[in-house]
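S.K.: Quick one: this structure, given as structure tokens, is what I'll be asking you about.
Residue numbers (the working numbering), protein chains in the order written: chain A, 131 to 679; chain B, 171 to 645.
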């Protein structure tokens with residue numbers, strides 16, 4: 131629990147100078163706000179005793195200074211804290227990227243991958259709220275509270291006690307009450323909201339049908355009933371939310387009442403100078419005013435904590451053995467043979483998909499691996515691409531166990547083309563340069579020509595054509611060709627094509643694959659492994675092997 | 171709302187008044203401690219009242235907001251129904267339903283917080299100004315001059331930084347998207363050995379974003395700065411001016427304190443408007459699409475049905491044939507817009523619930539006899555009426571789903587005494603025996619004087635028809 135709290139906080143705690151600066155500004159701002167009212171109260175009280183004006187000058191300067199300070203420190207706080215939050219995120223994003231890297235693709239939730247990644251992205255964005263909306267307002271409130279209570283206890287312990295008690299209740303009860311109520315409200319309304327959503331979709335889908343059946347009115351009424359239930363829940367919850375705010379306001383009055391009471395008593399009994407009475411009456415309100423800024427921080431904390439937990443979970447994930455990068459030192463020359471011997475392969479945290487796989491491919495050969503969906507074709511492909519380790523048995527490259535080579539050596543020789551190739555948002559050029567950053571335009575044009583795409587971008591903006599935007603996106607077949615172009619540019623010895631026809635019409639599939647194979651084979655000696663569910667494509671390769679569980 | 175605002179103001183004034191009274195009577199007049207007990211009680215009562223008003227304001231705000239949203243949602247549904255399915259075809263249903271749920275919920279802060287705060291400010295601020303003015307002319311002037319400065323600064327700076335702020339928002343989205351893209355492309359980057367380089371790119375992009383955003387924030391936070399400065403400097407001005415006049419005896423301590431307590435309260439509502447403004451603005455943007463649809467519906471006129479019903483043989487089984495995509499379904503859809511029609515579209519429109527619920531629908535009274543007849547006529551003999559259909563008919567077979575939809579159509583025809591029976595591909599998923607039973611039922615309806623029209627590709631149904639209509643190009 132405590133460990134968990136520390137993990138949550140340390141995740142997004144900016145370790146920068148700007149954060150310390152922002153936090154200091156925040157504390158000074160809170161201090162200035164209270165000091166402004168305290169000094170003003172003292173100034174007016176002292177003035178009422180009609181001393182020479184020079185005795186008031188320090189207070190006058192103080193009042194003006196604190197007024198300026200309050201605004202200036204607030205500005206400084208916001209600037210510094212935002213800066214620190216951005217710096218924190220800038221450091222965290224690469225960390226997450228590096229953490230995820232060895233997990234990709236086999237260790238990332240299969241069909242839900244896109245969803246998981248987009249959730250992760252928004253979780254990361256959420257993290258900036260820790261310094262901005264949680265730490266700063268809470269620290270400011272605590273600082274001002276403690277400082278004021280200490281200050282008051284030096285003058286009048288009884289008043290300080292009242293102030294401390296009301297502040298404590300405010301922190302422990304009033305502030306969390308609203309936040310907890312809002313959270314409970316969100317939770318309790320979630321199912322009603324989901325129901326409303328389903329009903330809305332149904333009525334939109336069947337509007338005409340239901341109209342003809344005479345059901346539309348009833349269905350509309352049912353939606354109105356759900357809506358009403360939702361509305362009642364909102365009202366019910368606002369009762370609890372309002373309670374927290376009302377209690378907070380009442381505590382402010384009670385604090386004022388208490389300090390004024392003891393202050394007045396002390397003054398009338400001559401224990402305290404009368405000039406201080408206004409301070410006792412006015413300062414509690416100023417403190418509670420500062421505190422009100424942290425009313426939203428508990429809600430913010432709850433939202434943050436959920437995101438932080440998910441991000442932490444990810445950062446603490448252990449790399450399964452199947453995904454450990456090869457730690458060998460050997461250099462790897464041109465690939466002559468790839469060989470799986472009695473290999474047991476499978477995704478991490480899942481049963482083995484194939485338990486005794488034997489296959490071999492040599493320089494210049496083409497191999498088809500086919501099987502029904504779920505048979506373990508992609509598992510085999512990832513294993514051959516060294517993106518997944520064998521559980522038992524052997525994976526030999528040029529007769530040497532794969533893990534004796536340095537990982538990047540294998541990476542340079544074996545290329546793997548995903549089922550859904552990633553086309554990055556950006557230009558055609560940028561997409562190609564991923565493979566070879568130093569390539570010049572001539573080389574890029576040439577490789578586009580090789581994959582039969584020399585005409586595709588002519589009428590657009592050539593290499594500057596933007597890809598990845600909705601609508602301008604190329605077709606499934608074109609994406610495969612572009613991905614192939616990228617792979618050719620890199621000049622792999624072995625190319626593994628995973629279901630290149632997944633997003634292509636049935637009639638086009640044969641043509642595309644035969645084309646891809648021909649193109650890939652232009653470099654003499656290159657071996658090509660084709661993964662597909664379509665046995666027919668075996669006509670195009672020299673060897674074929676069936677995979678089944 | 172107005173009463174609440176005034177009540178809350180009165181409570182604030184009572185507290186300020188009595189606190190000032192307590193301090194001045196004890197400090198200046200040396201009154202005994204007992205004399206202030208009445209004032210203390212007033213403060214307590216006013217404090218309780220104020221808390222009550224805050225509670226009520228939260229309640230009423232939430233209630234008002236949810237009733238407005240309730241009404242808007244009903245209006246949105248009405249508008250979509252009025253605009254009709256042709257309009258809906260051009261939109262995605264997911265988009266419209268998202269608008270109806272989260273789009274409208276985004277309006278909540280606008281109605282629950284922002285609008286009440288605006289009304290509150292409009293009522294309360296003038297009261298405070300007048301009060302302060304009546305007590306002390308000089309302080310009144312200060313407040314009167316500085317208060318309008320706050321919205322003026324906000325508007326001016328907001329106006330000056332709007333385009334940069336939009337750019338900042340865009341670049342924030344771009345930054346998130348870049349990160350997401352990189353994560354999606356992890357495998358590709360890894361295969362091509364570009365992962366290490368990408369780490370530096372992420373750092374560079376984030377850093378560039380930070381620098382650019384901070385430049386914008388330095389300007390756009392100025393509006394908050396101006397606001398705070400105007401509020402706190404005017405309190406300082408008032409305090410100093412009162413203090414200096416107290417020394418000369420031009421003003422009483424009571425008045426001075428009273429104004430000092432009230433002055434921050436005069437600025438508070440306006441500062442709160444600033445706080446609520448952002449959430450409210452987001453809600454308004456999100457709901458703009460909803461309001462657009464309402465406008466569109468208000469401007470559109472209901473189109474009369476464009477169906478030609480004369481070509482069908484009355485009281486007989488008619489069959490529409492023709493290649494797919496020629497517009498047969500559209501023809502039938504238009505025909506279904508007439509009254510007294512029982513229609514079964516090609517997308518069956520079954521909903522989660524029991525088989526019976528899918529047949530008779532959400533009605534108050536179920537006609538059991540018709541229900542049994544409809545079930546029998548549709549050859550729905552292999553599933554119980556209380557069986558669950560499941561979401562998107564996931565718990566029944568394709569043939570069962572089709573026959574449930576036929577039962578539903580028959581039930582409607584029997585119950586509403588429909589004169590037309592329209593079925594789009596009714597037997598495409600049925601075996602020959604059951605298809606035969608359904609065709610017999612169709613003939614039976616025709617014999618009772620109902621004009622039956624069916625779209626089909628099946629020879630079995632075509633050969634049973636009294637009239638076969640070839641659709642060439644309905645469009």
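Glycine is no exception: its CB is placed at the ideal position from the N, C-alpha and C atoms.
1. Hey, does residue 354 of chain B have any beta-carbon neighbour from chain A nearer than 8 Å?
2. Looking at C-alpha atoms only, which residue of A:576, A:172, A:659, A:616 is the closest neighbour of residue 412 of chain B?
3. Measuring only the C-alpha atoms, how far is residue 272 of chain A from residue 300 of chain A?
4. Between the stretch 189 to 215 of chain A and chain B, which residues of the former have a C-beta closer than 8 Å to a C-beta of the latter?
5. For residue 207 of chain B, count neighbouring C-beta atoms within 10 Å of its own C-beta (all shown protein chains included) and say buried if the count is 16 or more, exposed if not.
6. Run through DSSP, which three-state label would residue 196 of chain B get?
7. Would DSSP call residue 528 of chain B helix, strand or coil?
8. Let me see if you follow: with CB-CB separation under 8 Å, is residue 232 of chain B close to chain C or not?
9. Is residue 536 of chain B helix, strand or coil by DSSP?
10. What separation, rounded to the nearest whole angstrom, lies between the Cα atoms of residue 235 of chain B and residue 257 of chain B?
11. Got a sec: is the Cβ-Cβ distance from residue 351 of chain B to anything in chain A below 8 Å?
12. DSSP on residue 365 of chain A, reduced to helix/strand/coil?
13. What are the boundary residues of the beta strand (DSSP E) that includes residue 527 of chain A?
14. Determine the chain A residues that contact residue 564 of chain B at a beta-carbon separation under 7 Å, and present them in chain order.
15. Please compile the residues from chain A whose C-beta is within a distance smaller than 9 Å of the C-beta of residue 649 of chain B.
16. Going by C-alpha distance, which of A:590, A:177, A:622 is nearest residue 409 of chain B?
17. Is it true that the CB of residue 496 of chain A sits closer than 8 Å to the CB of residue 672 of chain A?
18. Beta-carbon of residue 709 of chain B versus every beta-carbon of chain A: anything under 8 Å?
19. By the criterion of Cβ-Cβ separation under 7 Å, what are the contact partners of residue 224 of chain A in chain B?
20. Would you kindly work out how many angstroms separate the C-alpha atoms of residue 382 of chain A and residue 438 of chain B, rounded to a whole number?
21. With DSSP collapsed to three states, give me the class of residue 513 of chain B.
22. Say whether chain A places a C-beta atom closer than 8 Å to the C-beta of residue 411 of chain B.
23. Quick one: what's residue 545 of chain A bridged to in DSSP?
24. What are the partner residues of residue 573 of chain A, as DSSP defines its beta bridges?
25. Where does residue 324 of chain B land, buried or exposed, given buried means 16+ other C-beta within 10 angstroms?
26. So, for residue 600 of chain B: in the same chain, excluding its five sequence neighbours on each side, which residues have a beta-carbon less than 8 Å away from its beta-carbon?
27. I'd like the list of long-range same chain contacts for residue 348 of chain B, defined as Cβ closer than 6 Å, with 5 residues on each side in sequence excluded.
28. Is the beta carbon of residue 515 of chain A less than 8 Å from the beta carbon of residue 458 of chain A?
29. So residue 227 of chain A and residue 253 of chain B are in contact, right, with Cβ under 8 Å, and what is the actual spacing, rounded?
30. Sorted by chain position, which residues of the same chain lie with C-beta nearer than 7 Å to residue 253 of chain A's C-beta, five sequence neighbours on each side aside?
31. Would you check if the distance between the CB atom of residue 489 of chain B and the CB atom of residue 620 of chain B is smaller than 8 Å?
32. What residue does the beta strand (DSSP E) around residue 597 of chain B start on, and which one ends it?
33. Using a Cβ-Cβ distance under 8 Å, would residue 135 of chain B count as near chain A?
34. Using a Cβ cut-off of 8 Å (strictly closer), state whether residue 375 of chain A contacts chain B.
35. Does any residue of chain A bring its CB to less than 8 Å from the CB of residue 398 of chain B?
36. With a threshold of 8 Å between beta-carbons, can residue 225 of chain B be considered close to chain A, or not?
M.R.: This is what the structure holds:
1. Answer yes: the Cβ-Cβ gap between residue 354 of chain B and chain A drops below 8 Å somewhere.
2. Out of A:576, A:172, A:659, A:616, A:172 has the C-alpha closest to the C-alpha of residue 412 of chain B.
3. Between residue 272 of chain A and residue 300 of chain A, the C-alpha separation is close to 11 Å.
4. Cβ contacts with chain B come from 189, 190, 193, 194, 196, 197, 198, 200, 201, 202, 204, 205, 208, 209, 212, 213.
5. Burial call: exposed.
6. Of the three classes helix, strand and coil, the one that applies to residue 196 of chain B here is helix, per DSSP.
7. Helix, per DSSP.
8. Of the protein chains in the structure, A and B, none is chain C.
9. In the structure shown, residue 536 of chain B falls within a coil segment according to DSSP collapsed to helix, strand and coil.
10. Rounded to the nearest angstrom, the two C-alpha atoms are 29 Å apart.
11. Yes, its Cβ sits closer than 8 Å to a Cβ of chain A.
12. Of the three classes helix, strand and coil, the one that applies to residue 365 of chain A here is helix, per DSSP.
13. 522 to 527 is the extent of the beta strand (DSSP E) around residue 527 of chain A.
14. Against residue 564 of chain B, chain A offers no close residue; the least beta-carbon distance is about 14 Å (beta-carbon pairs closer than 7 Å).
15. This structure gives no information on residue 649 of chain B, because the portion of chain B shown stretches from 171 to 645.
16. Nearest of A:590, A:177, A:622 to residue 409 of chain B, Cα basis: A:177.
17. A contact, by the Cβ cut-off of 8 Å.
18. Absent from the structure is residue 709 of chain B, since the part of chain B shown begins at 171 and ends at 645.
19. In chain order: 369, 372, 373.
20. CA-CA distance, residue 382 of chain A to residue 438 of chain B, rounds to 16 Å.
21. Reduced to three states, the DSSP call for residue 513 of chain B is strand.
22. Cβ-Cβ to chain A under 8 Å: no for residue 411 of chain B.
23. Beta bridge pairing from DSSP links residue 545 of chain A with A:625.
24. DSSP, once it has assigned bridges, lists no residue as partnering residue 573 of chain A.
25. Its Cβ being crowded by 16 or more others within 10 Å, residue 324 of chain B is buried.
26. Counting only Cβ-Cβ distances below 8 Å, and skipping sequence neighbours, we find 549, 569, 572, 573, 608.
27. Closer than 6 Å at the Cβ level, and outside the excluded window around residue 348 of chain B, lie 375.
28. Contact annotation: residue 515 of chain A and residue 458 of chain A have beta-carbon atoms that are not nearer than 8 Å.
29. Separation of the CB atoms of residue 227 of chain A and residue 253 of chain B is rounded to 46 Å, and the pair is thereby denied contact status at 8 Å.
30. Cβ within range, chain order: 437, 440, 441.
31. With respect to residue 620 of chain B, residue 489 of chain B sits apart: the two C-beta atoms are not nearer than 8 Å.
32. Judged by DSSP secondary structure, residue 597 of chain B falls outside any beta strand (DSSP E); it is assigned neither H nor E.
33. Outside the modelled stretch of chain B, which goes from 171 to 645, sits residue 135 of chain B, for which no answer is possible.
34. So yes, residue 375 of chain A belongs to the interface.
35. Closer than 8 Å: yes.
36. Closer than 8 Å: yes.
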